[in-house]
DNA sequence: CTTTTGTGTAACTATTATTGTTACAGTGAG
DNA sequence: CTCACTGTAACAATAATAGTTACACAAAAG
């Protein structure tokens, strides 16, 4: 079990949009950076579009960020790409036997713990903004020889 | 995406072993409480056995807890049933384009954040013991009319 | 207006994980 | 020895993911 790579791809895409804000970011260009198929990018872009994070128009080349990177948290992105349904990171087996004391009480006993574990994870993501990621990428890249994507 | 119900089933099973420690807990009996197939229980039991949490012998009816419930955390169980591979709750798309500044630095930039989000989740699970769950089940059951599993 | 380029989306495939199920070999208590 | 139970293989059904092809539609550019 892993959380879908849609999340990491979305972070990649949005970072690229920021670092290449002067350029024309087509799905093909982005796909080349991510190393995947342009349709995969368009699907993710559609989700980010619905979440109001990017502006993308059908037929028109190039996607733009709609919000400053300092105001986009990783939690926003996580939610946008629907990696996990609302409050359902953990799944609980349904229909345990109500005739059994454990069966009829296990769900109510476990739920709050699963909720708080999920909340702890989400809080961590909420504390990191896209700006932090972009800065980290820039810092890491100072060691590297300066080649561009294009 | 959800975390496998193996986890909640394992918590259910171990709670039942504690609350029914005087009884003979066969996979069929447990399966009836969980409302699933006995083979599903045996598979999970095999994992808990390997983790040293229960004693189960082939051919011999009945599983026993090997450790006191106060010394089994939900994280122990989570690890035992291999819901998530070591440090890999989130997946990062592999082989991003090294010719791109974002592509060649995204992994190193994201990894520590994913790690700490995962750690936050795991810490929450570590702070809850099986004893807490058992107590919660008992408390919740005081409202209910007293029927038994058997 | 036509051409060209790019986006949106449907449809299909391959892969993987989960959950449930049947079947049966092997173990050990009585 | 018999019987009940566990361990495990094998298989099916379901679902999610990720990649791919194909094509309709949008709109910018000429």
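Chains as they are written, first to last, in our numbering: chain A, 5 to 154; chain B, 5 to 154. Using N, Cα and C, we set each Cβ at its ideal position, and we do this for glycine too.
- For residue 120 of chain A, the enclosing alpha helix (DSSP H) starts and ends at 105-130.
- Close to chain B, meaning a Cβ-Cβ distance shorter than 7 Å, are the following residues of the segment 98-110 of chain A: 99, 100, 101, 103, 104, 105, 106, 107, 108, 109, 110.
- For the segment 70-90 of chain B, the residues whose beta carbon sits under 8 Å from a beta carbon of chain A are, in order, 78, 87, 88, 89.
- Look at residue 64 of chain B: its C-beta is not under 8 Å from any C-beta on chain A.
- Between residue 62 of chain A and the set A:56, A:49, A:84, the nearest pair of CA atoms involves A:49.
- For residue 38 of chain A, the neighbours in chain B by C-beta distance under 8 Å run, in chain order, 97, 100, 101, 107.
- Closest option to residue 113 of chain B, judged by alpha-carbon separation, among B:124, B:128, B:96: B:96.
- With a threshold of 16 other beta carbon atoms within 10 Å, residue 148 of chain B falls short and is exposed.
- At a beta-carbon threshold of 7 Å, the residues of chain B lying near residue 121 of chain A are 125, 128, 129, ordered along the chain.
- For residue 23 of chain A against residue 138 of chain A, the beta-carbon gap comes to about 6 Å, under 8 Å, which counts as contact.
- Within 7 Å of the CB of residue 148 of chain A, the CB atoms of chain B belong to 108, in sequence order along the chain.
- In the three-state scheme derived from DSSP, where H, G and I count as helix and E and B as strand, residue 69 of chain B is classed as strand.
- Listed along chain B is no residue with a C-beta nearer than 7 Å to that of residue 52 of chain A; the closest approach is about 16 Å.
- 8 Å or more divides the Cβ of residue 78 of chain A from the Cβ of residue 106 of chain B.
- Counting the other Cβ atoms within 10 Å of the Cβ of residue 37 of chain B gives 16 or more, which makes it buried.
- Membership of residue 32 of chain B in the alpha helix (DSSP H) is indicated by the continuous run 31-38.
- Residue pairing for residue 133 of chain B: DSSP places it in a beta bridge opposite B:77.
- In summary, residue 85 of chain A is buried, with 16 or more beta-carbon neighbours lying within 10 Å of its beta-carbon over all protein chains present.
- Setting aside the 5 residues that flank it on each side, residue 52 of chain A is surrounded in the same chain by 58, 84, each with a C-beta closer than 6 Å to its C-beta; the list follows chain order.
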